[in-house]
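Residue numbering for the sequence shown follows this note's numbering, starting at 10 and increasing by one per position.
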Amino acid sequence: MTLDGKAVAAKVLAEVKAGAAAYRERTGAPPTLAVILVGEDPASQLYVRSKKRDAQDVGIGSRDFLFPQGCAQAELHATIQRINADPSMHGVLLQLPLPRGLDEDAAIATIAPAKDADGLHPVSLGNLLAGKPTLVPCTPAGCIEILDHYGIPLEGAEAVVVGRSRLVGKPLAQLLIGRNATVTTCHTRTRDLAAHCRRADILCVAAGRARMVTGDMVRDGVVVIDVGTNRLDTGKLAGDVDFASVSLKARAITPVPGGVGPMTRAMLMRNTLLAAQRQAGLSPS
Ligand code: NAP
Numbered sequence: 010m011t012l013d014g015k016a017v018a019a020k021v022l023a024e025v026k027a028g029a030a031a032y033r034e035r036t037g038a039p040p041t042l043a044v045i046l047v048g049e050d051p052a053s054q055l056y057v058r059s060k061k062r063d064a065q066d067v068g069i070g071s072r073d074f075l076f077p078q079g080c081a082q083a084e085l086h087a088t089i090q091r092i093n094a095d096p097s098m099h100g101v102l103l104q105l106p107l108p109r110g111l112d113e114d115a116a117i118a119t120i121a122p123a124k125d126a127d128g129l130h131p132v133s134l135g136n137l138l139a140g141k142p143t144l145v146p147c148t149p150a151g152c153i154e155i156l157d158h159y160g161i162p163l164e165g166a167e168a169v170v171v172g173r174s175r176l177v178g179k180p181l182a183q184l185l186i187g188r189n190a191t192v193t194t195c196h197t198r199t200r201d202l203a204a205h206c207r208r209a210d211i212l213c214v215a216a217g218r219a220r221m222v223t224g225d226m227v228r229d230g231v232v233v234i235d236v237g238t239n240r241l242d243t244g245k246l247a248g249d250v251d252f253a254s255v256s257l258k259a260r261a262i263t264p265v266p267g268g269v270g271p272m273t274r275a276m277l278m279r280n281t282l283l284a285a286q287r288q289a290g291l292s293p294s
């Protein structure tokens, strides 16, 4: 079975749209996302445009904060602090990566945790580790959402996560532990990656290496979440999983494109709504 990220994302976005309308009715203004873009990287510009379109589609407002390539760290922080103090903006999207010369960690740490729509602030990640409610990083949250949507049991499952980045691998492993899976995290120093992958009931791959997981590395009946988005020389997008060989053995698998990508975008909208609801003292619908 192919796990249809587009369809699940559409369901999440429909829920967010209803929640945003209810929020607007209660407070008189829409949930609003502050969008910070530094420099002119075409890929970042494209991502920002699509996130703003998503926001518009679900009734979430967005406000732009554009900085030139060579802007000063202090200037960026001053704007983030202004957004933090402004009750009409509820979430902050700081488009990453920042141009060279800027300190990403310092900029992320300047965002008020309550407005941390990407879930990457140390307080958000600490809450995740502590098992407390928090804004969860969008890609790992999207992976769990898609598994839940298809009713894939996590409790007691052998889950293997390939990749240990702050953005995806580590928070995803943490979410799986929180759901009582038994989790193994693999990385570039892992001995015999294939042996670990073959043990997995649920295999999540976020390594950034096109088609590195092949059919001989998985067992029959595995559920595969492919986070990878790799641009091939042909211009085509490929996941970290070789769909052709792995899908012959998998019980369920996400495609690339059309799997985790749309989920990530939908979860940003959900986080923005959640942040706005919490700031207004409203319980999420
Ligand atoms: P990253 O920061 O580069 O981290 C990659 C991780 O994979 C690292 O922990 C690395 O290990 C591990 N790794 C790399 N090659 C490996 C190998 N051959 N064997 C085992 N482990 C290996 O990347 P990321 O930000 O987590 O992103 C991962 C992928 O997901 C990328 O393709 C990215 O484009 C994609 N992505 C997609 C979405 C989406 O919405 N679909 C969102 C975010 C990211 P070390 O720690 O040892 O270096």
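We treat Cβ as the ideally placed atom computed from N, Cα and C, and that holds for glycine.
What you are looking at is a predicted structure, and each value in this text was computed from that prediction instead of being measured.
Which class does residue i belong to by DSSP, given the choice of helix, strand or coil?
i       : result
Ile-213 : The amino acid at residue 213 is misidentified as Ile; the sequence shows Cys. Strand.
Val-255 : helix
Asn-239 : strand
Gly-187 : helix
Leu-202 : helix
Asp-157 : helix
Val-170 : strand
Ser-292 : coil
Gly-28  : helix
Ser-59  : helix
Determine the closest residue to residue i out of the options, with distance taken between C-alpha atoms.
i       : options                            : result
Asn-189 : Ser-174, Ala-168, Arg-198          : Ala-168
Val-101 : Leu-42, Val-269, Thr-193, Val-250  : Leu-42
Ala-215 : Gly-187, Ile-234, Gly-14, Pro-264  : Ile-234
Thr-281 : Gly-28, Gly-14, Lys-141, Arg-35    : Gly-28
Leu-111 : Leu-46, Arg-72, Gly-70             : Leu-46
Glu-49  : Asp-95, Lys-61, Leu-105, Ala-16    : Leu-105
Val-25  : Pro-51, Arg-58, Gly-70             : Gly-70
Asp-127 : Leu-137, Gly-140, Val-145, Asp-114 : Val-145
Arg-218 : Ala-19, Ala-166, Arg-207, Leu-241  : Leu-241
Leu-2   : Gly-237, Arg-260, Asp-73           : It is not possible to answer for residue 2, since the shown part of the chain is limited to 10 through 294.
Gly-237 : Pro-264, Ser-256, Val-227          : Pro-264
His-158 : Met-226, Lys-141, Met-272          : Met-272
Ala-83  : Lys-61, Leu-291, Ala-115, Leu-277  : Ala-115
Ile-186 : Glu-164, Thr-199, Leu-202, Leu-55  : Glu-164
Val-232 : Arg-198, Ala-209, Ala-31           : Ala-209
Leu-22  : Arg-220, Ser-292, Leu-283, Gln-288 : Leu-283
Quick check: what's the CA-CA separation for residue i versus residue j?
i       : j       : result
Val-67  : Arg-33  : 12 Å
Asp-229 : Asp-125 : 39 Å
Leu-134 : Ser-174 : 12 Å
Asp-251 : Val-177 : 20 Å
Leu-12  : Val-171 : 19 Å
Ala-275 : Gly-268 : 12 Å
Leu-107 : Ser-53  : 9 Å
Gly-37  : Arg-91  : 22 Å
Pro-224 : Ala-253 : In the sequence as presented, Pro is not what sits at residue 224; that position holds Gly. About 8 Å.
Gln-183 : Ala-139 : 10 Å
Lys-258 : Arg-58  : 37 Å
Ala-87  : Ala-285 : 22 Å
Ile-211 : Asp-95  : 42 Å
Ile-89  : His-130 : 13 Å
Does the ligand MG have a heavy atom nearer than 7 Å to the CB of residue i?
i       : result
Ser-256 : This structure lacks the ligand MG; its bound ligands are the ligand NAP.
Anything with a beta carbon under 6 Å from a heavy atom of the ligand NAP counts; list them all in chain order. So the residues near the ligand NAP by this Cβ test are Thr-148, Val-171, Gly-172, Arg-173, Ser-174, Leu-176, Val-177, Gly-178, Cys-195, His-196, Thr-197, Arg-198, Thr-199, Leu-202, Ala-215, Ala-216, Gly-217, Arg-218, Met-221, Val-236, Gly-237, Thr-238, Asn-239, Val-269, Gly-270, Thr-273.
Between the segment 77-86 and the segment 145-154, are three or more C-beta pairs nearer than 8 Å? Too few Cβ pairs lie closer than 8 Å, so no.
Given 8 Å, three or more beta-carbon pairs between the segment 54-69 and the segment 240-247: By the Cβ test, the segment 54-69 is not in contact with the segment 240-247, since fewer than three Cβ pairs between them sit closer than 8 Å.
Tell me whether the segment 91-105 and the segment 119-127 touch, counting them as touching only if at least three CB pairs, one residue from each stretch, are closer than 8 Å. Touching, yes.
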